Amino acid sequence: MPPRIRSRLLFASLLSLLRATAAEVLIADFEGPDYGNWTVTGNAFGKGPARGTLPEQAPVTGFRGQGLVNTYLNGDKTTGTLTSPEIELNHRYLSFLIGGGAEEGKTCVNVLVEDKVVRTATGREDETLSTLTFDLGDYAGKKARIQIVDDVTGGWGHILVDHFVLSDTAATPPFFQQPINTETLYEESYRPQFHFTAQKGWLNDPNGLAFFGGEYHLFFQHNPKGTQWGNMTWGHAVSTNLLEWNQLEHALHPDAFGTMFSGSAVVDWKNTGGFQTGKEPALVAFYTAAGDTSPESKGKPFTQCLAYSNDRGRTWKKYDKNPILGNLGEGDRDPKVFWHEPSHHWVMPLYIGEKDPSKLNKEGKPVTRNVCLFYTSTDLKQWTFASKFGEELFECPGFVELPIDGGTRGSKWVLWGASGDYWVGRFDGKVFTPEAPKKKADFGSNFYAAQAFDDLPDHRVILVGWLQGGKYPGMPFNQQMGFPVELSLQSTADGPRLIKWPISEIRQLFTSVQHEELKQPFPAGTQTLSGTNRELADLEVEFIPGSAKSVVLDLRGNRFEWNAASGEVTAFGRKVPAPLGSRALGRRSEFRRPWGPDYEPWERSVRLRFLIDRTSIELFVNGGTAAASYCFVPRTLPTNTLSVEGGDLARCRFTLRELKSAWKY
Ligand code: FRU
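Take any residue in the sequence shown, note its place counting from 1, add 17, and you have its number in the working numbering.
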């Protein structure tokens with residue numbers, strides 16, 4: 018062999034050796050004029066990579082360099098695939114940037130080994146690309162192809178992708194899909210760790226919240242057949258501490274009257290309904306049979322029905338004279354039954370969409386008014402109309418009596434609809450009379466259809482909401498509940514306000530605490546809120562602004578910005594009131610050592626408490642006088658930082674408690 022060729026070969030093999038052992042290999046950065054040796058099908062990818070935002074698209078950000086894959090070519094209606102040549106998996110992690118649509122299997126990046134999809138991930142319905150990492154350790158040494166898919170023509174029918182790199186280190190916590198498997202269940206990448214989720218399938222409203230025999234019962238709207246809404250049943254879980262849940266058999270399945278929509282449950286302590294068979298009182302559930310939502314109930318209307326259990330909720334019988342309330346109007350649903358001791362009867366607030374013949378819509382049809390009717394009963398079976406609350410209230414009424422200022426100023430009744438907005442007023446057993454205009458309870462983007470435990474032996478009233486609308490791409494489950502909060506009322510200048518505060522049981526999940534009072538005054542700059550990365554945390558931050566214009570908390574890649582001029586926190590595009598508060602506002606941190614210092618709130622400070630789980634953050638401002646719930650898809654390493662902008666913070670302190678998973682028991 019001539020020496021020239023030999024040295025060239027030597028050089029080439031050295032190069033390939035270098036490549037194979039380099040800590041990182043760039044697979045594609047889409048900076049060129051075309052897709053090189055990648056294969057294109059369809060019309061969504063065009064001839065080559067896009068240069069940023071395409072016509073009529075909201076600004077695309079987060080890509081590297083000038084080029085990226087952007088299938089918004091000619092809008093969402095175009096489709097196609099882009100597939101790489103075979104790549105040798107000589108490094109464990111594949112990282113890339115991804116954005117765009119969130120439809121599983123339809124707007125996604127797939128990794129194929131032997132033509133089988135072994136990893137897949139979607140965007141999360143935004144135009145900002147973020148890093149995602151696949152752990153391909155199981156396929157080391159094998160050959161793989163990367164496939165980018167756009168198979169959706171409607172809204173969010175596009176995908177954004179850039180910068181594929183194989184490397185030995187994970188750029189973000191690896192994203193992986195897991196089959197349902199009892200060993201790994203509850204450990205999936207997007208599985209909330211201290212919020213309730215169904216083992217698998219779609220979940221929405223909490224139903225039938227009741228406490229009996231030492232167990233909290235949480236029933237929930239559940240689709241056992243899929244991860245989207247439909248086939249409604251009542252799922253069932255029990256807990257002894259409202260943290261660790263044990264999912265049981267379904268309580269209610271669809272029947273000829275319809276699928277099983279939302280409702281409530283009571284313990285019939287005095288056996289008023291006569292359903293009790295043994296020594297223990299019966300649990301009685303009230304639900305809406307949603308007629309015409311299944312082939313078996315075709316043409317049937319919505320009605321209100323009853324079911325009972327004589328074995329602590331393990332098995333249920335539907336009442337043979339159902340329905341207990343025939344159809345009353347459009348979509349009447351969500352009965353919430355409770356015992357009213359002063360009038361010695363049961364009360365049922367019920368949502369109904371009432372036709373108003375005095376107001377016609379554009380098509381000349383009567384408009385629908387969403388109202389709440391009150392019914393009463395002494396035996397749970399016969400119900401009498403009592404009153405109508407005529408203000409706009411949509412779905413899932415909740416109604417509880419709460420003490421004001423710890424009971425020192427008596428109590429009031431609070432009525433809410435699914436949005437959580439509420440009225441405070443009085444109730445005489447039949448009629449609710451609001452005493453102040455409606456107020457807002459949750460200022461975030463993901464809170465809906467909350468229901469309360471209102472018959473607890475310790476007299477607390479505990480609310481559980483559904484964190485509606487979160488995204489859990491690739492997961493066997495969909496949607497999560499909010500963390501349980503204790504409700505109370507506090508007097509303010511504009512009447513009693515609802516206070517929400519995470520139940521103190523949360524301390525059972527604390528594993529470590531870090532408390533720090535920052536240097537005074539704390540200058541503009543950024544501070545990491547923990548020595549290590551904390552994925553699950555209960556974080557309290559208190560500050561007195563001084564000359565600072567804004568305080569930004571970056572929690573797991575989510576920005577919460579408190580603005581001094583407006584006295585509000587902006588996060589996820591929403592504003593939460595967070596004015597400088599008096600130390601007497603709301604609840605104060607009740608944890609004693611070792612879980613926190615015994616400190617009094619400062620005067621005229623801002624107090625923010627965040628419950629940070631893998632896919633949600635709940636914020637409680639000034640002791641729970643305002644609350645906000647948010648869901649997110651984690652795509653960054655779990656760091657939390659605090660930044661001060663525009664001046665000094667006069668004082669600042671934080672307590673960060675790390676939490677353990679509630680599923681590991
Ligand atoms: C609220 C709701 C209820 C209904 C249920 C059906 O989220 O629409 O009104 O009973 O969901 O799943």
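In this text, a Cβ means the ideal position worked out from N, Cα and C, and glycines have one as well.
The structure displayed is predicted, hence computed values, not measured ones.
Alpha carbon to alpha carbon, how far is E358 from P596? Give it in angstroms, no decimals. In the sequence shown, residue 596 corresponds to position 579, counting from 1. In the sequence shown, residue 358 corresponds to position 341, counting from 1. Their backbone Cα atoms lie some 39 angstroms apart in a straight line.
Name the residue from I165, E412, F494 whose alpha carbon lies nearest to the alpha carbon of G218. The sequence position of residue 218 within the sequence shown is 201, counting from 1. Nearest option by C-alpha distance: F494.
May I ask whether a heavy atom of the ligand FRU can be found less than 7 angstroms away from the beta carbon of F278? The sequence position of residue 278 within the sequence shown is 261, counting from 1. The answer is yes for F278.
Based on DSSP bridge pairs, tell me the residues matched to S112. Taking the first residue of the sequence shown as position 1, residue 112 is located at position 95. The partner list for S112 (beta bridge, DSSP) reads T150, V182.
Closest residue to G291 among Y233, I115, Q399 (Cα-Cα distance): Here residue 291 refers to the residue found at position 274 when the sequence shown is read from its first residue. For the residues Y233, I115, Q399, the minimum Cα distance to G291 belongs to Q399.
In this structure, does DSSP put S505 in helix, strand or coil? Taking the first residue of the sequence shown as position 1, residue 505 is located at position 488. Looking at S505 - three-state DSSP - the assignment turns out to be strand.
Relative to the C-alpha of P340, which residue among T332, P298, R331, P352 is closest? To locate residue 340, count along the sequence shown from 1; it is residue 323. It is P352.
Span separating the alpha-carbon of C322 from that of P366: Here residue 322 refers to the residue found at position 305 when the sequence shown is read from its first residue. Here residue 366 refers to the residue found at position 349 when the sequence shown is read from its first residue. About 14 angstroms.
Start-end ranges of the beta strand (DSSP E) lying completely within the segment 205-260, minimum 3 residues: 218-229, 232-240, 250-256
When you compare each of Q468, F449, S436 to A458 by their alpha carbons, which one comes out closest? Your numbering for residue 458 matches position 441 in the sequence shown. Of the listed residues, the one whose Cα sits closest to A458 is S436.
Here's the rule I'm using: 16 or more other beta-carbon atoms within 10 Å means buried, otherwise exposed. How should D222 be labelled? As a working note, residue 222 is residue 205 in the sequence shown. Buried, by the Cβ-count rule.
DSSP-derived helix/strand/coil call for D471: Indexing the sequence shown from 1 puts residue 471 at position 454. In the structure shown, D471 sits in coil (DSSP, three-state: anything other than H, G, I, E or B).
Tell me the rounded alpha-carbon separation between Y304 and Y647. Position 287 of the sequence shown, counted from the first residue, corresponds to residue 304. Position 630 of the sequence shown, counted from the first residue, corresponds to residue 647. Looking at the two C-alpha atoms, the distance is approximately 28 angstroms.
Just to confirm, is the Cβ distance from S147 to E41 under 8 angstroms? As a position in the sequence shown, residue 147 is number 130, starting the count at 1. As a position in the sequence shown, residue 41 is number 24, starting the count at 1. Taking 8 angstroms as the Cβ cut-off, S147 and E41 do not qualify as a contacting pair.
Buried or exposed: which applies to P454, given that a residue is buried once 16 or more other Cβ atoms fall within 10 Å of its Cβ? Here residue 454 is taken as the residue at index 437 of the sequence shown, counted from 1. Per the 10 Å Cβ criterion, exposed.
Within the same chain, show all residues whose beta-carbon is closer than 6 angstroms to that of A188, passing over the 5 residues directly before and after it, in chain order. The residue you call residue 188 lines up with position 171 of the sequence shown. Same-chain partners within the cutoff: S112, T148, T150.
Which of the three DSSP states, helix, strand or coil, is assigned to R674? Taking the sequence shown and counting its residues from 1, the one referred to as residue 674 is at position 657. R674: strand per DSSP, three-state reduction.
Measuring alpha carbon to alpha carbon, tell me which residue in D445, T587, G407, L342 is nearest T401. Numbered from its first residue, the sequence shown carries residue 401 at position 384. Here the closest residue by C-alpha is L342.
Report the three-state DSSP secondary structure of H347 (helix, strand or coil). Indexing the sequence shown from 1 puts residue 347 at position 330. The sequence given here has Glu at residue 347, not His. In this structure, E347 counts as strand in the three-state DSSP scheme.
Cutting at 7 angstroms between CB atoms, please list the residues of its own chain near G664, excluding the five before and the five after it. In the sequence shown, counting from the first residue as 1, residue 664 sits at position 647. Closer than 7 angstroms at the Cβ level, and outside the excluded window around G664, lie A541, G563, S564, A565, K566.
Indicate whether A554 and L659 have their beta-carbon atoms separated by less than 8 angstroms. Here the question's residue 554 lines up with position 537 in the sequence shown. Here the question's residue 659 lines up with position 642 in the sequence shown. Result no, Cβ atoms of A554 and L659 do not sit closer than 8 angstroms.
Run through the DSSP bridge pairs and tell me what Y616 is partnered with. For the purposes of this step, residue 616 is taken as residue 599 along the sequence shown, with counting starting at 1. In DSSP, Y616 forms no bridge with anything.
Should K379 be labelled buried (16 or more other beta-carbon atoms within 10 Å of its own) or exposed? For the purposes of this step, residue 379 is taken as residue 362 along the sequence shown, with counting starting at 1. Per the 10 Å Cβ criterion, exposed.
Write down every uninterrupted run of the beta strand (DSSP E) in the segment 28-89 whose length is 3 residues or greater and which is fully enclosed by it, in chain order. 41-45, 56-59
Quick check: is any heavy atom of the ligand FRU less than 7 angstroms from the C-beta of C389? Within the sequence shown, numbered from 1, the residue matching residue 389 stands at position 372. No, the ligand FRU has no heavy atom inside 7 angstroms of this Cβ.
Which of helix, strand or coil does DSSP assign to I163? For the purposes of this step, residue 163 is taken as residue 146 along the sequence shown, with counting starting at 1. Strand at I163.
In the DSSP assignment, find the beta strand (DSSP E) that holds H267 and state where it starts and stops. As a working mapping, residue 267 is identified with position 250 in the sequence shown. That run of the beta strand (DSSP E) goes 263-269.
Under the DSSP definition of a beta bridge, which residues are partnered with Q531? Taking the first residue of the sequence shown as 1, we reach residue 531 at position 514. According to DSSP, Q531 bridges with L673.
Are the C-beta atoms of C669 and some chain B residue less than 8 angstroms apart? The chain labelled as chain B is not found in the depicted structure, where only one protein chain is given.
For L556 and S462, the rounded distance between their alpha carbons: Position 445 of the sequence shown holds residue 462. Position 539 of the sequence shown holds residue 556. In a straight line, the C-alpha of S462 is about 20 angstroms away from that of L556.
Secondary structure of L410, DSSP reduced to three states: Counting from 1 along the sequence shown, the entry for residue 410 is found at position 393. Here L410 sits in coil by DSSP.
Distance between L480 and L300 (C-alpha atoms, nearest Å): Your numbering for residue 300 matches position 283 in the sequence shown. Your numbering for residue 480 matches position 463 in the sequence shown. The alpha-carbon atoms of L300 and L480 are separated by roughly 20 angstroms.
Quick one, which of H362, S281, T88, Q238 has its alpha-carbon nearest W251's? The residue labelled residue 251 in the question sits at position 234 within the sequence shown. Ranking H362, S281, T88, Q238 by Cα distance to W251 puts Q238 first.
According to DSSP, simplified to helix, strand and coil, what is S360? Position 343 of the sequence shown, counted from the start, is the residue given in the question as residue 360. Correct three-state label for S360: helix.
For a test of your reading of the model: does the CB of M249 fall under 7 angstroms from any non-hydrogen atom of the ligand FMN? Yes or no. Absence of the ligand FMN from the depicted structure is noted, with the ligand FRU being the only ligands included.
Just verifying my parser: in three-state terms, what is the DSSP assignment at P312? Within the sequence shown, residue 312 is the residue found at index 295, counting from 1. Helix.
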